[in-house]
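Undergrad: Pasting in a structure now, in structure tokens, and then I'll have a few things to ask.
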Amino acid sequence: MSLTASILSIASRGELKVGFMILTISLFTGLVVAVEAMAQSYARESAALREISRMAEVKVDTSPMGGAVRVYASTLDLEGRTLMILASEDPGSLINLEGARVEGGLPGDGELLVGLGLRTLAGEGVLKIMGLPLRVSGYISSPAHLASSIITTPETLRKIGLEATTLYYAKAPAGAEGVPMAEAPSSSSLVGAVTGEALSTLSILGHILTAMLAVTCAVQGYNSSQEGRRAFRVYSSLGASRRMMACSLIILSLTLSLAGVTLGYALGLAGSAIISSTLSLALGLPYVKPLAGVELLRWLGTSYALSSTALSIGLLKGYRVDGV
Amino acid sequence: MIFSITFLVPLLPLLVRGAPFIGDSWVHMGLARGVLASGRYGLASYNERWPLVNFLLVFLSSLTGFSELQASWTVPLLVGLSALPLYALCRRLGLPRASALVPALFVSLNPLYAYVTFSGAVMKETSAFYLAVLLLHLASMGKYPSVGWMISMAVVGFGLVLGHHYASLVAFLSLWAYAAYGLFGWLRGENPPPKAILYAASAFTVPFSLWNWLNYLTLGAFFPIFEASDILLLLAVFTLSWFTLLADRGIISRRAPWLASSAFIISVLGLRGGLYIMAQPVEPITVWEARNYAVAAVFSLAGLSAGLDRGPLRAWAASTVSMVLFAPLWGQTMPGFTLLIKALHYYGILLAVGAGFTASWILRRRGGWLIVAATLIFMAYASSTGTILALNGLGAYGREEVELLRGISFSPGIKLYGDTRAAYLLPYTSNITASGLKPLRMLDEGSIMLLFRPNWEQGFLMGYDWVAREAIAPEDQLMGRGRVYDSAHLRIIT
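Residue numbers (the working numbering), protein chains in the order written: chain P, 1 to 324; chain H, 325 to 818.
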């Protein structure tokens, strides 16, 4: 135990090139974590696209239904974006139907409730539509399919001067299949296929990165053993058996891998969140929060297992070559 | 005199307006009154699951015979009293007497945010604040543990767990950060094995995990807006923050706490820079405000690196900086802003101790006391604007409002509308609930709307969002409506 503590102590002072080893493990792990977390996050966002084409929770029809909310729907081109604008006498009911989360108040006359994705267009709480300045009463923060939508009152829609289609929104019966209002190009099958394809490509990238991590760890472990051969000789001369040394080196590799993977996890997850947040502020893109889930933990486990094994092999191999 | 200021600032809402700050206060006072009347305590709702503040009010009311409103004075008083463990902590960290007084003052006069909005409230987090500072002080004594120390840690830690989820999360992270720094120092041969703090962190983890897990099972959430993924993201940010303070020298080391400085910038951006998407319009930051922030940043951050040599402060920095950084990463909407405000309460302590170290350096120079005194006077001036605004803002209640509402009896079954202020106060004064906020033009026949003076002067609160007065009750519509009650502080409109 004291031998292991001594070796760990040497390592903690930055000897045996542990800094490089931890840096390597953390960088590779960080890359894998960032790719995986962002991919999962985008995959979750893409689910919202599927909702656009097939949403079973809300039934939409052109004929009146019992308990339905009358909605005047129109589209609008604003600064190169095509937006959906929905007007209802009772915006509160429409929001409830959509299960939307709203930051702020409901729109009154001359006011708009704006999707979160359009916040950059609403300077100082005012959105200009067709030259008409309209006050933003609040923002719709979820669901994602309303990110580029505007909810307002019929009076405001008339003031804007847009032609609209009258639709009736009602709660769909439990288990009902939604009637697709639009199938192509954002049909659920296409979105699902593209997402799946992207995820599998990124998964291959993750595997390549972990394989590279294993090889690098083995080489660095070998070099580190070579670096520490004098110290190892001292321990041997003090009576440490080869078995004890091997055991200590394995514990060292397990500890270093744990430190590297933990740091990599922090770098990858926090780094991708910081980059996405900064881009969101600088370029007005939506902030995509990296999603850390079970899949990510699986990748972390793989990185840890591979790096610690490769590092152990490298350290032991280097120690044996030295012939101590 | 310094301690009298630190005791006085949290009591300002009660002294100036005659009522505690923020609506949550009425919920806890209502709960305490219910417990005093029935003798039973339920653990059903969110505000009952962290019961420290409720227990405190009930205990003091039954002990002294005071009403729960009078007993509520003790909560801001306790926040003020946290200046004492803060002073003791600073002395333990090696600050001379005069410099150790500076942090206590800086916490109360921090121009970064209006401290009174937190300290003057009667809520879970406020009641746990004293314990958070005390735990930090006790942790700093961990090198010389005694039976008394262990008992104190256990009592304070348990109180914190029962006090507030966010405060206990900060304590949890700080204790483990301290233990991890201690372990690393031990491996490097710099200090003995940190057994006491490891035991303390482990012991704290048990009730912290169990209590929050139980609450998660009951309420369906540990923290109302946290998902499992958010906790993993927080841990990632915390690990990064911990790591940046690990080394002794270099660009990424405790000598260059750039993450703590970044947290200050993020706080300013969050408060004034439009980092968050909110309904409330934020006035562009003026040169004078930027000057106030700059002075506060230089005074608090310049000496921080000297203090970060001490393990407890470094651990506190790792956890509180990560909480500030996490707030905008959680999301750029209102709940993210709430997280930032919460984080600032604890980050404020770090800044204050940093200010103590800066003051210590300045005081060693000739005429240093003059510079420190001038800076502190400037802090008082810079923070006074925010404090005055808060005391007259939508979150502040007045004695008159409470008394007026108590004097009015509402018919059972009447539909009553009002903003968040009314929604919090009505169940306490009149035992009825408001049906939310509605524009005056959409008011149903037979229903009434409650308007407090700040409503017709400043606007309305919907949740924590500001809504313009014109959107709810424009002057022309207000004039055209019937008034059931009209006074200088309260109007009831039909």
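We treat Cβ as the ideally placed atom computed from N, Cα and C, and that holds for glycine.
(1) Looking only at C-alpha atoms, which of H:G722, H:L750, H:G680 sits nearest to F430 of chain H?
(2) Under 8 Å between C-beta atoms, does Q801 of chain H make it to chain P?
(3) Taking the continuous alpha helix (DSSP H) assigned at L335 of chain H, which residues delimit it?
(4) Quick one: what does DSSP say D348 of chain H is sitting in, helix, strand or coil?
(5) Bridge partners of K128 of chain P, per DSSP?
(6) Specify the secondary structure class of M181 of chain P as computed by DSSP and reduced to three states.
(7) If we ignore side chains and look at the alpha-carbon of each, how far apart do R54 of chain P and Y439 of chain H end up?
(8) Can you look up I816 of chain H in the DSSP assignment and give me helix, strand or coil?
(9) Count the other CB atoms, across all protein chains shown, that sit within 10 Å of the CB of P91 of chain P; report buried if there are 16 or more and exposed otherwise.
(10) Three or more beta-carbon pairs under 8 Å between the stretch 347-355 of chain H and the stretch 747-766 of chain H, yes or no?
(11) Taking DSSP as the reference, what is the three-state secondary structure of A720 of chain H?
(12) Applying a beta-carbon distance threshold of less than 9 Å, which residues of chain H neighbour K289 of chain P?
(13) Quick one: what does DSSP say G138 of chain P is sitting in, helix, strand or coil?
(14) Taking the C-alpha atoms as reference points, what is the distance between A240 of chain P and T657 of chain H?
(15) For V163 of chain P, which three-state DSSP category applies?
(16) List the DSSP bridge partners of L113 of chain P.
(17) For D810 of chain H, does the three-state DSSP call read helix, strand or coil?
(18) Measuring straight from C-alpha to C-alpha, what distance separates L564 of chain H and V611 of chain H?
(19) Would L832 of chain H be called buried (16 or more neighbouring beta carbons within 10 Å of its own) or exposed?
(20) How big is the Cα-Cα spacing for A310 of chain P and L213 of chain P?
(21) Beta carbons nearer than 8 Å to chain B: which residues of the stretch 258-269 of chain P have them?
(22) Check whether the stretch 413-428 of chain H touches the stretch 591-603 of chain H, taking contact to mean three or more Cβ pairs, one atom from each stretch, closer than 8 Å.
(23) Could you pull out every residue in the same chain whose Cβ sits closer than 6 Å to the Cβ of Y670 of chain H, ignoring the five residues on either side in sequence?
(24) I'd like to confirm the pairing. Which residues does DSSP put opposite R70 of chain P in its beta bridges?
(25) So what's T75 of chain P in DSSP terms, helix, strand or just coil?
(26) With DSSP as the reference, label L541 of chain H as helix, strand or coil.
(27) Which residues share a DSSP beta bridge with D61 of chain P?
(28) Which residues in chain H sit within 8 Å of S9 of chain P, going by Cβ to Cβ distance?
(29) From D77 of chain P to A164 of chain P, what distance separates their C-alpha atoms?
(30) At a Cβ threshold of 8 Å, is I331 of chain P touching chain H?
(31) Which residues in the same chain as D633 of chain H place their Cβ atom closer than 8 Å to its Cβ, once the five residues preceding and following it in sequence are excluded?
(32) Chain P partners of L763 of chain H, CB-CB under 9 Å?
(33) Should G115 of chain P be flagged as near chain H, meaning a C-beta pair shorter than 8 Å?
(34) Grab the span of the alpha helix (DSSP H) containing M803 of chain H for me, first residue to last.
(35) State yes or no: is the C-beta of I521 of chain H within less than 8 Å of the C-beta of G506 of chain H?
(36) Classify A184 of chain P as buried or exposed, calling it buried when 16 or more other Cβ atoms lie within 10 Å of its own Cβ.
TA: Let me spell this out:
(1) The count along the second sequence starts at 1 and reaches residue 430 of chain H at position 106. Distances from the alpha-carbon of F430 of chain H to those of H:G722, H:L750, H:G680 put H:G680 closest.
(2) Counted from its first residue, the second sequence places residue 801 of chain H at position 477. No, Q801 of chain H does not count as interfacial toward chain P.
(3) Taking the second sequence and counting its residues from 1, the one referred to as residue 335 of chain H is at position 11. Unbroken alpha helix (DSSP H) run through L335 of chain H: 326-336.
(4) Numbered from its first residue, the second sequence carries residue 348 of chain H at position 24. Here D348 of chain H carries a helix assignment [DSSP, helix/strand/coil].
(5) By 1-based counting over the first sequence, the position of residue 128 of chain P is 128. In DSSP, K128 of chain P forms a bridge with P:P133.
(6) As a first step, residue 181 of chain P is located in the first sequence; it is residue number 181 there, counting from the start. The predicted model places M181 of chain P with a pLDDT of 47, which falls under 50 and marks its position as unreliable; any figure quoted below should be read in that light. DSSP places M181 of chain P in coil when its eight states are reduced to three.
(7) The residue given as residue 54 of chain P occupies position 54 in the first sequence. The residue given as residue 439 of chain H occupies position 115 in the second sequence. At R54 of chain P, the pLDDT of 47 sits below 50, so the modelled position is not reliable; the number obtained from the coordinates is stated separately. One C-alpha to the other measures close to 49 Å.
(8) In the second sequence, counting from the first residue as 1, residue 816 of chain H sits at position 492. In this structure, I816 of chain H counts as strand in the three-state DSSP scheme.
(9) By 1-based counting over the first sequence, the position of residue 91 of chain P is 91. Looking at its Cβ environment, which holds 16 or more other Cβ atoms inside 10 Å, P91 of chain P is buried.
(10) Touching, yes, given that three or more Cβ pairs across the two stretches are closer than 8 Å.
(11) In the second sequence, counting from the first residue as 1, residue 720 of chain H sits at position 396. Secondary structure at A720 of chain H: strand, using DSSP grouped into helix, strand and coil.
(12) Here the question's residue 289 of chain P lines up with position 289 in the first sequence. What K289 of chain P touches in chain H: S553, D554, L557, L653, W654, G655.
(13) Indexing the first sequence from 1 puts residue 138 of chain P at position 138. Looking at G138 of chain P - three-state DSSP - the assignment turns out to be strand.
(14) Stepping through the first sequence from its first residue, residue 240 of chain P is reached at position 240. Stepping through the second sequence from its first residue, residue 657 of chain H is reached at position 333. Rounded to whole angstroms, A240 of chain P to T657 of chain H spans 59 Å at the Cα level.
(15) In the first sequence, residue 163 of chain P corresponds to position 163, counting from 1. The sequence shown places Glu at residue 163 of chain P, rather than the Val named in the question. Note: E163 of chain P maps to coil in three-state DSSP.
(16) Counting from one through the first sequence, the residue named residue 113 of chain P turns up at place 113. For L113 of chain P, which the question treats as bridged, DSSP gives the partners P:G138, P:I151.
(17) For the purposes of this step, residue 810 of chain H is taken as the residue at position 486 of the second sequence. Reduced to three states, the DSSP call for D810 of chain H is strand.
(18) Numbered from its first residue, the second sequence carries residue 564 of chain H at position 240. Numbered from its first residue, the second sequence carries residue 611 of chain H at position 287. Cα-Cα distance, rounded: 33 Å.
(19) Nothing in the structure corresponds to residue 832 of chain H, since chain H is present only between 325 and 818.
(20) Mapped onto the first sequence, residue 310 of chain P falls at position 310. Mapped onto the first sequence, residue 213 of chain P falls at position 213. Straight-line measurement puts the Cα of L213 of chain P at about 9 Å from the Cα of A310 of chain P.
(21) The displayed structure is made up of protein chains P and H, and chain B is not among them.
(22) Short answer: they don't touch.
(23) Position 346 of the second sequence holds residue 670 of chain H. Once the five neighbours on either side are set aside, the close Cβ partners of Y670 of chain H are V494, T644.
(24) Taking the first sequence and counting its residues from 1, the one referred to as residue 70 of chain P is at position 70. Answer by DSSP bridge pairing, in chain order: P:Y168.
(25) Translated into the one-based positions of the first sequence, residue 75 of chain P becomes position 75. If DSSP states are grouped into helix, strand and coil, T75 of chain P belongs with the strands.
(26) Numbered from 1 along the second sequence, position 217 holds the residue referred to as residue 541 of chain H. Taken through DSSP and simplified to helix, strand or coil, L541 of chain H comes out as helix.
(27) Counted from its first residue, the first sequence places residue 61 of chain P at position 61. D61 of chain P pairs with P:Y168.
(28) For the purposes of this step, residue 9 of chain P is identified with residue 9 of the first sequence, where counting begins at 1. The answer, in chain order, is L511, R512, G513.
(29) Your numbering for residue 77 of chain P matches position 77 in the first sequence. Your numbering for residue 164 of chain P matches position 164 in the first sequence. Rounded to whole angstroms, D77 of chain P to A164 of chain P spans 14 Å at the Cα level.
(30) Examination of residue 331 of chain P is not possible in this model, given that chain P is present from 1 through 324 alone.
(31) Along the second sequence, read from residue 1 onward, the residue named residue 633 of chain H stands at position 309. Non-local beta-carbon contacts of D633 of chain H in its own chain, meaning distances under 8 Å to residues more than five positions away in sequence, involve R578 in chain order.
(32) Locating residue 763 of chain H in the second sequence gives position 439, where the first residue counts as 1. As written in the sequence, residue 763 of chain H is Pro, which differs from the Leu given in the question. Here the neighbours are G105, L106, G108.
(33) Along the first sequence, read from residue 1 onward, the residue named residue 115 of chain P stands at position 115. G115 of chain P does not count as touching chain H.
(34) Within the second sequence, numbered from 1, the residue matching residue 803 of chain H stands at position 479. Start and end: 799-804.
(35) For the purposes of this step, residue 521 of chain H is taken as the residue at position 197 of the second sequence. For the purposes of this step, residue 506 of chain H is taken as the residue at position 182 of the second sequence. Yes, the pair counts as a contact, with Cβ atoms nearer than the cut-off.
(36) Here residue 184 of chain P refers to the residue found at position 184 when the first sequence is read from its first residue. Low per-residue confidence applies at A184 of chain P: pLDDT is 44, beneath 50, and the placement is therefore not dependable, though the value from the model is reported in the following sentence. Exposed, because fewer than 16 other Cβ atoms sit within 10 Å of the Cβ of A184 of chain P.
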